[in-house]
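What follows is a single structure, written as structure tokens, with notes after it.
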Ligand SMILES: Nc1ncnc2c1ncn2[C@@H]1O[C@H](COP(=O)(O)OP(=O)(O)OP(=O)(O)O)[C@@H](O)[C@H]1O
Ligand SMILES: [Mg+2]
């Protein structure tokens with residue numbers, strides 16, 4: 572069984588995703604972008620999600636909150652338990668209250684993620700007024716507080732500025748302020764630093780970590796950059812071909828990677844610490860585009876330890892003990 | 410913004426002078442004699458006198474500055490005199506129609522209200538119908554509504570007013586007898602019955618002109634909405650938990666209106682051109698009809714003045730469109 576229930580030790584999970592399947596209907600067929608993805612997020616923890624471009628990281632997270640354009644996207648199955656309800660089942664109005672209210676989202680590209688014709692203040696005040704019912708003055712005061720929180724100097728005046736008057740790093744701070752506006756339980760950050768240059772990246776990462784400490788929310792952090800993940804995550808989930816191929820506490824993953832894809836990823840981290848990791852193109856071959864639900868291991872063509880079984884059966888996530896699992900037949904401890 | 414506008418107005422002056430010169434020379438070169446309609450019994454020497462009285466004896470380099478002086482200085486003086494009871498004009502020679510022998514601007518002032526009512530109303534109606542059609546068509550792309558909208562605008566684009574106008578007359582005036590086919594300009598609206606009569610006689614010309622406006626503006630609106638619906642900031646607005654109506658009618662619409670407003674402004678002068686034909690069909694004695702009659706009668710001062718006024722409108726609304734662009738898009742700075 573791909574994955575099955577993997578009870579997590581310790582704290583209760585705030586978000587629990589089971590067997591999520593998302594498909595895009597396109598001309599002449601389908602793209603199975605998310606195949607049977609399961610994971611959970613405990614209160615206050617930081618879950619890192621890595622995988623090369625096209626592995627389905629963004630589509631997974633947007634499926635949770637119904638943020639994909641439908642059509643072409645279609646969530647075919649699964650459950651997303653959050654605060655006692657299944658986000659895939661609840662009505663549009665209830666889901667809307669979760670979005671931006673209980674779960675905040677920070678997107679990859681701060682240059683295009685803000686509305687160019689409204690002031691930054693208005694865009695921060697919107698969720699405050701909608702979800703918390705604040706008056707205009709109260710929302711403005713809170714918006715100013717938020718801008719100060721994310722470290723924008725001269726917050727009070729800058730509320731009346733438009734996005735184009737901010738630099739990329741500053742816009743991402745604004746995006747973070749918007750995501751944090753209503754004190755969410757969970758913050759999903761989809762490659763929040765990829766579009767920024769290195770020094771700004773470091774600032775944003777530091778800011779996010781500090782805010783997490785202060786506000787105590789759980790975070791899902793999507794990135795290409797294993798180097799970043801090593802420093803900040805509690806647990807790491809590695810995705811490939813729309814599936815979770817390996818998942819472990821961060822130290823365990825770096826010390827004892829079991830999936831050949833994870834091992835390949837780890838070799839792409841540059842030696843010089845602090846420098847930005849390469850885009851993960853060093854692995855030979857291309858990631859697959861899944862035209863149908865997988866019946867074989869999606870990584871087998873690029874894998875150097877593949878066995879005949881990999882071509883006829885999609886490996887489930889084998890529990891390797893200590894909260895570590897890997898979807899590979901040749902993983903140590905796999906059956 | 411103000412300096413930009415002033416600069417543009419200054420640039421418009423040589424442009425307009427050049428246009429005036431071109432129109433003047435074209436009419437100068439055109440064949441035709443304003444005396445052609447005079448009875449043949451008038452002796453040639455009397456005809457020559459009349460020609461001189463009309464100012465036709467002078468070469469063009471004398472008459473062109475004379476006309477400019479009349480158009481830009483004398484006529485505004487008469488206008489101000491009329492408004493405030495002053496006496497700037499001091500009996501100076503006005504632009505006189507060859508046909509009616511009365512000042513061109515007096516005739517225009519008489520005709521303007523009819524054209525404004527019909528043309529202006531049809532433009533307002535056309536735009537008001539077009540905007541919601543464009544918005545819904547884009548939001549429900551490829552739906553039945555969208556297909557129907559596409560079909561109607563195709564008709565609006567491809568069916569000329571001289572056909573749709575006559576068709577309407579045949580259906581609603583001749584066959585059904587519901588609406589009058591001739592626009593009664595002498596009608597005075599002073600009670601409910603005459604108001605209804607005014608409405609009834611406006612319906613068809615307004616519809617014919619509005620169909621064209623609707624076709625164009627709804628297409629622009631739809632394209633612009635579609636452009637914006639796919640933008641990242643729309644996803645951000647949804648991720649913030651904004652209501653769908655807020656996402657579409659605030660975030661998307663505000664951005665989509667920027668190019669559409671320019672199109673609407675640029676279209677205002679061209680609708681006067683469309684009125685020429687529609688006014689002929691419905692016998693509205695507005696400016697369009699005036700121009701046709703003036704052309705037929707070789708009434709050069711009238712043709713010159715009307716054509717030049719039209720040119721001024723085009724230049725003016727180009728300027729207005731640019732200024733509006735700056736007003737609605739905070740990213741545009743004119744300094
Ligand atoms: N609108 C869409 N229509 C069709 N296929 C799509 C669409 N959006 C995403 N996909 C497909 O879904 C798969 C997963 O995409 P996703 O954006 O989740 O990748 P990702 O892991 O986030 O990559 P990146 O690191 O580049 O952001 C890709 O194969 C992509 O082709
Ligand atoms: Mg992505």
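Protein chains in written order, with the numbering used here: chain B, 572 to 906; chain H, 410 to 744. The beta-carbon is built from N, C-alpha and C at its ideal position, and this holds for glycine as well.
Taking Cβ-Cβ distances shorter than 8 Å, what residues in chain B pair up with residue 642 of chain H? Along the second chain, one-based indexing puts residue 642 of chain H at 233. The contacting residues are 683, 684, 685, 686 and 687.
Amino acids of chain H, ordered along the chain, whose beta-carbon sits closer than 8 Å to that of residue 636 of chain B: For this step, residue 636 of chain B is matched to residue 65 along the first chain. 648, listed in chain order.
Using a cut-off of 9 Å between C-beta atoms, extract the partners of residue 663 of chain H located in chain B. Within the second chain, the letter at position 254 stands for residue 663 of chain H. Within chain B, the C-beta atoms nearer than 9 Å to that of residue 663 of chain H come from 686, 688 and 689, in chain order.
CB-CB under 8 Å to residue 551 of chain H, same chain, minus the five flanking residues each way: which ones, in chain order? As a first step, residue 551 of chain H is located in the second chain; it is residue number 142 there, counting from the start. Counting only Cβ-Cβ distances below 8 Å, and skipping sequence neighbours, we find nothing.
Nearest neighbour of residue 536 of chain H, chosen from H:637, H:594, H:415 and H:562 [CA to CA]: Within the second chain, the letter at position 127 stands for residue 536 of chain H. Nearest C-alpha to residue 536 of chain H: H:562.
So if I measure from each beta-carbon to every heavy atom of ligand 2 and keep distances below 7 Å, which residues remain? Listed by chain position, these are B:628, B:629, B:679, B:761, B:762 and B:793.
Are the C-beta atoms of residue 645 of chain H and some chain B residue less than 9 Å apart? Position 236 of the second chain, counted from the first residue, corresponds to residue 645 of chain H. Yes, its Cβ sits closer than 9 Å to a Cβ of chain B.
Beta bridge counterpart(s) of residue 675 of chain B as assigned by DSSP: The residue you call residue 675 of chain B lines up with position 104 of the first chain. Looking at the DSSP assignment, residue 675 of chain B forms a beta bridge with B:758.
Counting along the chain, where does the alpha helix (DSSP H) carrying residue 687 of chain B start and finish? Taking the first chain and counting its residues from 1, one reaches residue 687 of chain B at position 116. Per DSSP, residue 687 of chain B belongs to no alpha helix (DSSP H) and is neither H nor E.
Within 10 Å of its beta-carbon, does residue 470 of chain H have 16 or more other beta-carbons around it, so buried, or fewer, so exposed? For the purposes of this step, residue 470 of chain H is identified with residue 61 of the second chain, where counting begins at 1. Note on residue 470 of chain H: under 16 other CB atoms within 10 angstroms of its CB, so exposed under the neighbour-count rule.
When the cut-off is 9 Å and only beta carbons count, does residue 614 of chain H lie next to chain B? What you label residue 614 of chain H is simply residue 205 of the second chain in a count that begins at 1. With 9 Å as the cut-off, residue 614 of chain H does not count as an interface residue toward chain B.
What residue ranges within the segment 755-799 of chain B form continuous alpha helix (DSSP H) runs of no fewer than 4 residues, ordered along the chain? If we require 4 residues or more, the alpha helix (DSSP H) runs fully inside the segment 755-799 of chain B come out as 769-786.
Secondary structure of residue 602 of chain H, DSSP reduced to three states: Numbered from 1 along the second chain, position 193 holds the residue referred to as residue 602 of chain H. Correct three-state label for residue 602 of chain H: helix.
In the DSSP output, what is residue 657 of chain B paired with across the bridge? The sequence position of residue 657 of chain B within the first chain is 86, counting from 1. Looking at the DSSP assignment, residue 657 of chain B forms a beta bridge with B:652.
So which of H:588, H:592 and H:724 has the shortest CA-CA distance to residue 527 of chain H? Mapped onto the second chain, residue 527 of chain H falls at position 118. With distances taken between Cα atoms, residue 527 of chain H lies closest to H:592.
So what does DSSP say about residue 702 of chain B, is it helix, strand or coil? Within the first chain, residue 702 of chain B is the residue found at index 131, counting from 1. Correct three-state label for residue 702 of chain B: helix.
Can you tell me whether residue 597 of chain B sits near ligand 1, meaning its C-beta is under 8 Å from at least one heavy atom of the ligand? Numbered from 1 along the first chain, position 26 holds the residue referred to as residue 597 of chain B. True, at least one ligand heavy atom lies under 8 Å from that Cβ.
Check the Cβ of residue 738 of chain H against every Cβ in chain B and list those closer than 7 Å, keeping chain order. Position 329 of the second chain holds residue 738 of chain H. Within chain B, the residues placing a beta-carbon under 7 Å from that of residue 738 of chain H are 688, ordered along the chain.
Any Cβ of chain B within less than 9 Å of the Cβ of residue 410 of chain H? Position 1 of the second chain, counted from the start, is the residue given in the question as residue 410 of chain H. With 9 Å as the cut-off, residue 410 of chain H does not count as an interface residue toward chain B.
Compare the C-beta of residue 651 of chain H against all C-beta atoms of chain B and say whether one is closer than 9 Å. In the second chain, residue 651 of chain H corresponds to position 242, counting from 1. At least one chain B Cβ lies under 9 Å of residue 651 of chain H.
So does residue 640 of chain B have its beta carbon nearer than 8 Å to some heavy atom of ligand 3? In terms of ligand content, the structure shown lacks ligand 3 and carries ligand 1 and ligand 2 instead.
How big is the Cα-Cα spacing for residue 653 of chain B and residue 679 of chain B? Counting from 1 along the first chain, the entry for residue 653 of chain B is found at position 82. Counting from 1 along the first chain, the entry for residue 679 of chain B is found at position 108. When rounded, the distance between both Cα atoms is 24 Å.
Here's the rule: buried if 16 or more other CB atoms are within 10 angstroms of the residue's CB, otherwise exposed. What is residue 768 of chain B? What you label residue 768 of chain B is simply residue 197 of the first chain in a count that begins at 1. Its Cβ having fewer than 16 others within 10 Å, residue 768 of chain B is exposed.
Using a Cβ-Cβ cut-off of 9 Å, state whether residue 806 of chain B counts as contacting chain H. In the first chain, counting from the first residue as 1, residue 806 of chain B sits at position 235. It does not: the Cβ of residue 806 of chain B has no partner Cβ on chain H nearer than 9 Å.
Suppose only complete runs of 4+ residues qualify. What are the alpha helix (DSSP H) ranges in the segment 796-822 of chain B, listed by chain order? The segment 796-822 of chain B contains these whole alpha helix (DSSP H) runs: 797-803.
Spell out whether any CB of chain H is found under 9 Å from the CB atom of residue 861 of chain B. Numbered from 1 along the first chain, position 290 holds the residue referred to as residue 861 of chain B. With 9 Å as the cut-off, residue 861 of chain B does not count as an interface residue toward chain H.
Identify whether residue 512 of chain H lies in helix, strand or coil by the three-state DSSP scheme. Residue numbering aside, residue 512 of chain H sits at position 103 when the second chain is read from its first letter. Here residue 512 of chain H sits in strand by DSSP.
is_contact[residue 669 of chain B, chain H] using C-beta, thresh 9 Å: For the purposes of this step, residue 669 of chain B is taken as residue 98 along the first chain, with counting starting at 1. Yes, contact with chain H.
Cβ of residue 639 of chain H less than 9 Å from any chain B Cβ? In the second chain, the residue the question calls residue 639 of chain H occupies position 230. Put simply, the CB of residue 639 of chain H is near chain B, with a gap under 9 Å to one of its CB atoms.
Pull up the distance between the alpha-carbon of residue 726 of chain H and that of residue 720 of chain H, whole angstroms please. The residue you call residue 726 of chain H lines up with position 317 of the second chain. The residue you call residue 720 of chain H lines up with position 311 of the second chain. A direct Cα-to-Cα measurement between residue 726 of chain H and residue 720 of chain H gives close to 10 Å.
Using a Cβ-Cβ cutoff of 9 Å, what residues of the segment 621-633 of chain B are near chain H? List them in chain order. The segment 621-633 of chain B vs chain H, Cβ under 9 Å: 633.
Considering only their Cβ atoms, is the gap separating residue 666 of chain H from residue 659 of chain H smaller than 9 Å? Along the second chain, read from residue 1 onward, the residue named residue 659 of chain H stands at position 250. Along the second chain, read from residue 1 onward, the residue named residue 666 of chain H stands at position 257. No, these two residues do not count as a Cβ contact at 9 Å.
Just mark residue 637 of chain H as buried or exposed, buried being the case when its beta carbon has 16 or more other beta carbons within 10 Å. Indexing the second chain from 1 puts residue 637 of chain H at position 228. In summary, residue 637 of chain H is buried, with 16 or more beta-carbon neighbours lying within 10 Å of its beta-carbon over all protein chains present.
Return helix, strand or coil for residue 833 of chain B, following the three-state DSSP convention. Along the first chain, read from residue 1 onward, the residue named residue 833 of chain B stands at position 262. In the three-state reduction of the DSSP assignment, residue 833 of chain B falls in the helix class, which pools H, G and I.
Going by the CB atoms, is the gap between residue 582 of chain H and residue 590 of chain H shorter than 9 Å? Position 181 of the second chain, counting from 1, holds the residue named residue 590 of chain H. Position 173 of the second chain, counting from 1, holds the residue named residue 582 of chain H. In this structure, residue 590 of chain H lies near residue 582 of chain H, with their beta-carbon atoms less than 9 Å apart.
My assumption, with CB atoms under 8 Å, is that residue 677 of chain B sits in contact with residue 734 of chain B. Please give the rounded CB distance. Taking the first chain and counting its residues from 1, the one referred to as residue 677 of chain B is at position 106. Taking the first chain and counting its residues from 1, the one referred to as residue 734 of chain B is at position 163. The C-beta separation of residue 677 of chain B from residue 734 of chain B comes to about 15 Å, leaving the pair out of contact by the 8 Å criterion.
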